[in-house]
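Novice: Have a look at this one.
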Amino acid sequence: MDSQLLTTEFESFKGQLKSYILRMTASVQDAEDIVQDTYLKAHTNLSTFEGDSSLKTWVFSIASNLAKDHLRSKKRWPENVTDICKEAALSNQEFFQEAMTIRHSSPQGQFEIKEHISFCFTCIAKSLPLEQHLTVLLKEVYDFKVKEIATIIDQTDAMVKYYLHTGRSTMVSVFDKRCSLINKEGVCHQCTELNGIFNPDQNAQEEVVKIKMAKEADNPDKEHLFNLRMEVVKGIDPFESDAAELQLHHLEQNRKVMEDYLKNN
Amino acid sequence: MMTTATLSAQDGKATTVKKTFSRATSVSILIDSDVSIIWALLTNASDFPRWNSTVLSIDGEIKVGEKIKLKSYLDPDRTFKIKIKEIIKDQKMVWGDAMGTRVFTLTKTEKGVLFSMDEKIASPMFPLFAGQIPSFDESFEKYAADLKKEAELIAKGK
């Protein structure tokens, strides 16, 4: 493997890597920095890459370690992160004004409910313990196999299965309690509320039924509904989608709110 | 060679031995899973209520020297304050309070991992309150069955 090939291959999955780090850190700047550091580290240590795994797995391993080092000292977010951030946003006129400006002026300023589902998952998954969070992302969003994840997070296959199972089970339960798209009693309606603000001429219910997860909300198989949620998340590149600028602006707001909240709690 | 007694002790049925100044309850069950998965389930305090139908909540961290607060369906109004006395990763864990000691052991066998849980309550005062302590048998059997079910489910994951 030479550095030219590294650069070529790195470019082919850089987008996935950057969105993976964004989903872990909820910070655009951290994602940029960690991806850059990952490339430098991979370049420096290229001679130690022996081809036991794919280059992509090896690079994701470097990135995961850098992100873990970055996140280890930070508190995990609470399950009700979106409630806390909503309250903060409602008292922040500036946030809504900026969001409206993006909505009306940016080519990546559209609002779509499925984009918000992805955004919401990014926020709520940060309530999982770190190893579970990484494992769920790597398996459910980036399609790595258990063995590859074991290499990436330096754990046994058995522990990857444990992290995946517990992480998934927790997320299934949290979304079942919270998400009104899949549970009429769900406490969170933010995606449809925001749709009303950003797309006032749209009928939110008509938009909702376009999403398979919401269409199948009556299915008692909660695991299946979670799989459908993951399909939505998987289909969205948070840096490249038509809603990217609007959602990243919102994510930055939520991260700042959580940083303040966690200082005091 | 395994004796009949050894085999019957792995079926998830609890046994209790009562003496004048003590009571000991034991359960063992064979689990077809990786020992690290079983160990992770036994040591992740906050995750217990998700898979263990005998536990309402555990507050605290399961680490040597730490004290945890356990609420059980067996006596939901009471909070047990328990000290984690000993941990040998993937093998043994000892919890206890002033009255009793609970020992969890994991033994790798050719057929899987043998999980055993033993609790002994012993005190010179035991005869005075023995009648107030409910039987642990059913709770121990549920505990072992839940652990087996969850650990085997995780091990089968792809």
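First to last, the sequence lines map onto chains A and B. Each step along the first sequence adds one to the number in my numbering, with nothing skipped, and position 121 is 237. Each step along the second sequence adds one to the number in my numbering, with nothing skipped, and position 37 is 59. Backbone N, C-alpha and C fix where the C-beta goes; we use that ideal spot for every residue, glycine too. Treat the numbers as computed from the prediction; the structure is a model and nothing was measured.
Quick check: what's the CA-CA separation for residue 62 (chain B) versus residue 42 (chain B)?
Specialist: Approximately 37 angstroms, taken between the alpha carbons.
Novice: Would residue 56 (chain B) and residue 174 (chain B) be called neighbours here (beta carbons separated by less than 8 angstroms)?
Specialist: Contact: no.
Novice: Span of the alpha helix (DSSP H) holding residue 174 (chain A)?
Specialist: Residue 174 (chain A) -> alpha helix (DSSP H) spans 171–187.
Novice: Pop quiz: residue 166 (chain B) and residue 139 (chain B) are said to be a contact at Cβ under 8 angstroms. What is the actual Cβ separation, rounded to whole angstroms?
Specialist: That belief holds up - the Cβ atoms of residue 166 (chain B) and residue 139 (chain B) are roughly 7 angstroms apart, short of 8 angstroms.
Novice: If I'm right that residue 68 (chain B) touches residue 78 (chain B) with Cβ under 8 angstroms, what's the distance once you round it to whole angstroms?
Specialist: 12 angstroms between Cβ atoms; not a contact.
Novice: According to DSSP, is residue 64 (chain A) helix, strand or coil?
Specialist: Absent from the model: residue 64 (chain A). The displayed extent of chain A is 117 to 381, so no value can be given.
Novice: Going by beta carbon distance, what residues of the same chain come within less than 7 angstroms of residue 98 (chain A), once the five residues before and after it are set aside?
Specialist: The first residue shown for chain A is 117 and the last is 381, placing residue 98 (chain A) beyond what the model contains.
Novice: Kindly list, in the order they appear in chain B, the residues whose Cβ is closer than 9 angstroms to that of residue 281 (chain A).
Specialist: Per Cβ cutoff of 9 angstroms: 59, 172, 175, 176, 179.
Novice: I believe residue 226 (chain A) touches residue 121 (chain A) by the beta-carbon criterion, under 8 angstroms. Please report the beta-carbon distance rounded to the nearest angstrom.
Specialist: Between residue 121 (chain A) and residue 226 (chain A) the Cβ distance is about 37 angstroms, and since that is not below 8 angstroms, they are no contact.
Novice: Which stretch, first to last residue, makes up the beta strand (DSSP E) that contains residue 300 (chain A)?
Specialist: Unbroken run through residue 300 (chain A): none, as it is neither H nor E.
Novice: Are any of the Cβ atoms in chain B nearer than 8 angstroms to that of residue 274 (chain A)?
Specialist: Yes, its Cβ sits closer than 8 angstroms to a Cβ of chain B.
Novice: Name the chain A residues whose beta carbon is nearer than 7 angstroms to that of residue 81 (chain B)?
Specialist: Going along chain A, no residue has its Cβ under 7 angstroms from residue 81 (chain B), so there is no contact; the nearest lies around 16 angstroms.
Novice: At a CB-CB cut-off below 9 angstroms, which residues of chain A make contact with residue 100 (chain B)?
Specialist: The premise fails here: residue 100 (chain B) is roughly 26 angstroms from chain A at the closest Cβ pair, so nothing lies under 9 angstroms.
Novice: Residues of chain B with a CB under 9 angstroms from the CB of residue 262 (chain A): which are they?
Specialist: Those within 9 angstroms of residue 262 (chain A) in chain B are 179, 180.
Novice: Is the Cβ of residue 372 (chain A) closer than 8 angstroms to any Cβ of chain B?
Specialist: No, its Cβ sits nowhere closer than 8 angstroms to a Cβ of chain B.
Novice: Write down the C-beta distance between residue 197 (chain A) and residue 243 (chain A) rounded to the nearest angstrom, noting that I regard them as a contact closer than 8 angstroms.
Specialist: At roughly 7 angstroms, the Cβ-Cβ gap stays under 8 angstroms, so residue 197 (chain A) and residue 243 (chain A) are in contact.
Novice: Using only the alpha-carbon positions, how far apart do residue 256 (chain A) and residue 346 (chain A) sit?
Specialist: Taking the straight line from one Cα to the other gives about 6 angstroms.
Novice: Helix, strand or coil for residue 108 (chain B)? Go by DSSP, reduced to three states.
Specialist: Of the three classes helix, strand and coil, the one that applies to residue 108 (chain B) here is strand, per DSSP.
Novice: Residues of chain A with CB under 9 angstroms from residue 62 (chain B), in chain order?
Specialist: In chain order: 274, 275, 278, 279, 282.
Novice: Would you kindly report the start and end of the unbroken alpha helix (DSSP H) that includes residue 237 (chain A)?
Specialist: Run containing residue 237 (chain A): 229–241, per the alpha helix (DSSP H) assignment.
Novice: Could you give the distance in angstroms between the alpha-carbon of residue 143 (chain B) and the alpha-carbon of residue 121 (chain B)?
Specialist: Going from the Cα of residue 143 (chain B) to the Cα of residue 121 (chain B) covers about 6 angstroms.
Novice: If you draw a straight line from the C-alpha of residue 124 (chain B) to the C-alpha of residue 98 (chain B), how long is it?
Specialist: Near 19 angstroms, if we compare the C-alpha coordinates of residue 98 (chain B) and residue 124 (chain B).
Novice: Any beta-carbon of chain A closer than 8 angstroms to the one on residue 56 (chain B)?
Specialist: Yes - at least one Cβ of chain A is within 8 angstroms of the one on residue 56 (chain B).
Novice: How about residue 285 (chain A): is its C-beta nearer than 8 angstroms to some C-beta of chain E?
Specialist: Going by chain labels, chain E is absent from the structure shown, which instead holds the protein chains A and B.
Novice: Which residues bound the beta strand (DSSP E) around residue 339 (chain A)?
Specialist: No beta strand (DSSP E) holds residue 339 (chain A); the alpha helix (DSSP H) holding it covers 338–350.
Novice: Tell me which same chain residues have a C-beta within less than 7 angstroms of the C-beta of residue 329 (chain A), skipping the five on either side of it?
Specialist: Once the five neighbours on either side are set aside, the close Cβ partners of residue 329 (chain A) are 297, 298, 341, 344, 345, 348.
Novice: Taking all protein chains shown into account, decide if residue 206 (chain A) is buried (16 or more other Cβ within 10 angstroms of its Cβ) or exposed.
Specialist: By the 10 Å Cβ count, residue 206 (chain A) comes out exposed.
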